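Structure, as structure tokens:
In the numbering used here, the protein residues as written are 17 to 406.
Structure, rendered in structure tokens:
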């Protein structure tokens, strides 16, 4: 370390002398014991550095001669080996815990070393998940993480018992607190157990720490919020609001959130929510829920949809408009609009829904033959162009 500092100092002085040549060319005069020594400052500094280097070299050489050549060789070899071993440990730690670059850089620096503890890791890699030993208190942290990762792997077959996996995860997090992969596996375990509160807490923590992307966390977090809203009806509204903020266009979220608002007496809020959804996307399930709420005053809602032009209205809104027209007593207009949707719908789902609605209307009018034909078309999804239009 001293030699490295000496080299750095020499390099800095050399750069300074090159950058300021006037200082290096200035005369230097030394008088001592009757001797007079004159030289340039730059040459004097370089000579002083060379002298220091020679003193260090002679001192090291004398020490090596008295210690013997074997001691020098072992010192150099063991120092390099320890560094490579440490690099290998750091690389494996990053790989096991999925941190940084997964240890690729440190692994390259650890070539040519195979410590004894690595044999234990290799042995664990070759052991099936069901045969892995339980974690021990005095176990190497790397070995603890590796065994826990093998035991809790989703691809492990057969999968160990839930209690065994939980014990390994606890040991993993005790050895490596905050390990991203361990916390992710713990979230999988909570989801398997149905512990939705624990799952939500773990996913929120993983997302906050930046260990997982929002694209990977949001769907699972929303699923946990929906399950919690179902388990705890008194606290359902806060959970559903969180889910709606994360995935505002998700069908399950819109259905659950709107249904809860409607059941709680805030039907207007549910209607606004579902209408906003239909403005963005054509969703038949949302249109059916909205129809159930709008049947109380169908003509008012029908007039709002009637004002829309053909390019401004999607298939879900067309189906809803025809249903509202039929509910408001405009049977002729309702049949015309629903038949148009059945023949021109861009999605087979809406065509089938249109045929089914037509079948229901014909059945209510005791026209069983026409109703059967509509139901058949709804089931097969085929439209015979040669048959007479209903």
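Cβ coordinates follow ideal geometry from the N, Cα and C atoms, glycine included.
Nothing here was measured: the structure is a model prediction, and the numbers come from that model.
Practice problem: Measure the Cβ-Cβ separation of residue 309 and residue 286 and say whether it is below 8 Å. | Solution: Against the chain shown, residue 309 aligns to sequence position 293. Against the chain shown, residue 286 aligns to sequence position 270. Taking 8 Å as the cut-off, the beta carbon of residue 309 is found closer than this to the beta carbon of residue 286.
Practice problem: Could you tell me the distance, in whole angstroms, from the CA atom of residue 43 to the CA atom of residue 110? | Solution: Numbered from its first residue, the chain shown carries residue 43 at position 27. Numbered from its first residue, the chain shown carries residue 110 at position 94. Straight-line spacing of the CA atoms in residue 43 and residue 110 works out to 58 Å.
Quiz item: Which word fits residue 313, buried or exposed, when buried means at least 16 other C-beta atoms lie within 10 angstroms of its C-beta?
Solution: Here residue 313 corresponds to residue number 297 of the chain shown, with the count starting at 1. If you draw a 10 Å sphere on the C-beta of residue 313, you find fewer than 16 other C-beta atoms in it, and that means exposed.
Quiz item: For the alpha helix (DSSP H) that contains residue 279, what are its first and last residues?
Solution: For this step, residue 279 is matched to residue 263 along the chain shown. Per DSSP, residue 279 belongs to the alpha helix (DSSP H) from 267 to 279.
Quiz item: Roughly how many whole angstroms lie between the Cα atoms of residue 87 and residue 75?
Solution: For this step, residue 87 is matched to residue 71 along the chain shown. For this step, residue 75 is matched to residue 59 along the chain shown. Summary for residue 87: the model assigns pLDDT 49, below 50, so the residue's position carries little reliability; its value from the coordinates is reported in the next sentence. Each residue's Cα considered, the two are about 16 Å apart.
Self-check item: Own chain partners of residue 371 with C-beta closer than 8 Å, once the 5 adjacent residues on each side are dropped
Solution: As a first step, residue 371 must be located in the chain shown, where it is residue number 355. Closer than 8 Å at Cβ, skipping near neighbours: 358, 390, 391, 393, 394.
Self-check item: residue 292 - containing alpha helix (DSSP H), residue span
Solution: For this step, residue 292 is matched to residue 276 along the chain shown. Per DSSP, the unbroken alpha helix (DSSP H) holding residue 292 starts and ends at 283 to 296.
Practice problem: Mind checking who residue 47 pairs with in its DSSP beta bridge? | Solution: For this step, residue 47 is matched to residue 31 along the chain shown. Looking at the DSSP output, residue 47 bridges to 52.
Exercise. Run through the region 135 to 205 for me and flag every whole alpha helix (DSSP H) of 4 or more residues, listed as ranges in chain order.
Key: Listed in chain order, they are 157 to 167, 178 to 191.
Practice problem: Tell me, to the nearest whole angstrom, how far the beta carbon of residue 303 is from that of residue 294; I am working on the premise that it is less than 8 Å. | Solution: If you number the chain shown from 1, residue 303 lands on position 287. If you number the chain shown from 1, residue 294 lands on position 278. Right, their Cβ atoms sit about 6 Å apart.
Quiz item: What's the C-alpha gap between residue 240 and residue 216?
Solution: The residue given as residue 240 occupies position 224 in the chain shown. The residue given as residue 216 occupies position 200 in the chain shown. C-alpha separation (whole angstroms): 6 Å.
Self-check item: Segment contact, 8 Å Cβ cut-off, at least three pairs: the region 237 to 253 with the region 203 to 220
Solution: The region 237 to 253 and the region 203 to 220 touch, with no fewer than 3 CB-CB distances between them shorter than 8 Å.
Practice problem: With a threshold of 16 other CB atoms inside 10 Å of the CB of residue 222, please say whether the residue is buried or exposed. | Solution: The residue you call residue 222 lines up with position 206 of the chain shown. Counting of Cβ neighbours within 10 angstroms places residue 222 among the buried residues, the total reaching 16 or more.
Self-check item: Inter-residue Cα distance where the pair is residue 91 and residue 67
Solution: Position 75 of the chain shown holds residue 91. Position 51 of the chain shown holds residue 67. Low per-residue confidence applies at residue 91: pLDDT is 48, beneath 50, and the placement is therefore not dependable enough to give any value.
Self-check item: Simplified DSSP state of residue 410, which is helix, strand or coil
Solution: Outside the displayed range of the chain (17 to 406) lies residue 410, so it cannot be described from this structure.
Quiz item: Quick one: is residue 299 buried, meaning 16 or more other Cβ sit within 10 Å of its Cβ, or exposed?
Solution: Reading the chain shown from its first residue, position 283 is the one you call residue 299. Counting C-beta atoms within 10 angstroms of its own C-beta, residue 299 has 16 or more neighbours from the protein chains shown and is therefore classed as buried.
Exercise. Determine the closest residue to residue 320 out of 236, 301, 340, 305, with distance taken between C-alpha atoms.
Key: For the purposes of this step, residue 320 is taken as the residue at position 304 of the chain shown. For the options 236, 301, 340, 305, the alpha carbon positioned closest to that of residue 320 is the one of 340.
Self-check item: Alpha-carbon to alpha-carbon, residue 366 and residue 337
Solution: Residue 337 sits at position 321 when you count from the first residue of the chain shown. Residue 366 sits at position 350 when you count from the first residue of the chain shown. The alpha-carbon separation between residue 337 and residue 366 amounts to approximately 13 Å.
Quiz item: Is it the case that the CB of residue 76 approaches a heavy atom of the ligand SAH more closely than 7 Å?
Solution: The ligand content of the structure shown is nil, which means the ligand SAH is not present either.
Quiz item: Taking the alpha-carbon positions, what's the residue 267 to residue 351 distance?
Solution: Here the question's residue 267 lines up with position 251 in the chain shown. Here the question's residue 351 lines up with position 335 in the chain shown. Looking at the two C-alpha atoms, the distance is approximately 28 Å.
Exercise. Answer with buried or exposed for residue 147, where buried requires no fewer than 16 other C-beta atoms within 10 angstroms of its C-beta.
Key: Here residue 147 refers to the residue found at position 131 of the chain shown. In the assembly as shown, residue 147 is an exposed residue. Its beta-carbon has fewer than 16 other beta-carbons within 10 Å.
Quiz item: To the nearest whole angstrom, what separates the beta carbons of residue 188 and residue 198, a pair I think is in contact under 8 Å?
Solution: Locating residue 188 in the chain shown gives position 172, counting from the first residue. Locating residue 198 in the chain shown gives position 182, counting from the first residue. Cβ atoms of residue 188 and residue 198 come within 8 Å of each other, at about 5 Å.
Quiz item: For the candidate residues 133, 250, 190, 139, whose alpha-carbon lies nearest to that of residue 151?
Solution: Taking the chain shown and counting its residues from 1, one reaches residue 151 at position 135. The option with the nearest alpha carbon to residue 151 is 190.
Quiz item: Going straight from the alpha carbon of residue 227 to that of residue 158, what length do you get?
Solution: What you label residue 227 is simply residue 211 of the chain shown in a count that begins at 1. What you label residue 158 is simply residue 142 of the chain shown in a count that begins at 1. The C-alpha of residue 227 lies about 20 Å from the C-alpha of residue 158.
Quiz item: Taking just the CA atoms, how far does residue 369 sit from residue 333?
Solution: As a first step, residue 333 must be located in the chain shown, where it is residue number 317. As a first step, residue 369 must be located in the chain shown, where it is residue number 353. In a straight line, the C-alpha of residue 333 is about 12 Å away from that of residue 369.
Exercise. Would you identify the three-state DSSP class for residue 359, choosing helix, strand or coil?
Key: Indexing the chain shown from 1 puts residue 359 at position 343. Here residue 359 sits in helix by DSSP.
Practice problem: Ignore the nearest five residues each way along the sequence and tell me which others in residue 318's own chain have a CB closer than 6 Å to its CB. | Solution: Position 302 of the chain shown, counted from the first residue, corresponds to residue 318. Within the same chain, residue 318 has close Cβ partners 340, 341, 344.
Quiz item: Would you report the Cα separation of residue 192 and residue 101, rounded to the nearest angstrom?
Solution: Locating residue 192 in the chain shown gives position 176, counting from the first residue. Locating residue 101 in the chain shown gives position 85, counting from the first residue. In this structure, the alpha-carbon of residue 192 lies about 19 Å from that of residue 101.
Self-check item: Buried versus exposed, by CB contacts within 10 Å (16 or more), residue 89
Solution: Taking the first residue of the chain shown as position 1, residue 89 is located at position 73. Its pLDDT being 49, under 50, residue 89 is placed unreliably by the model, and the measurement read from it follows with that caveat. Exposed is the call here.
Exercise. Name the residue from 311, 355, 363 whose alpha carbon lies nearest to the alpha carbon of residue 331.
Key: Residue 331 sits at position 315 when you count from the first residue of the chain shown. When only C-alpha atoms are compared, the closest one is 363.
Quiz item: Exposed or buried, residue 353, counting other C-beta atoms within 10 Å across all chains shown (16 or more means buried)?
Solution: Position 337 of the chain shown holds residue 353. Label assigned to residue 353: buried.
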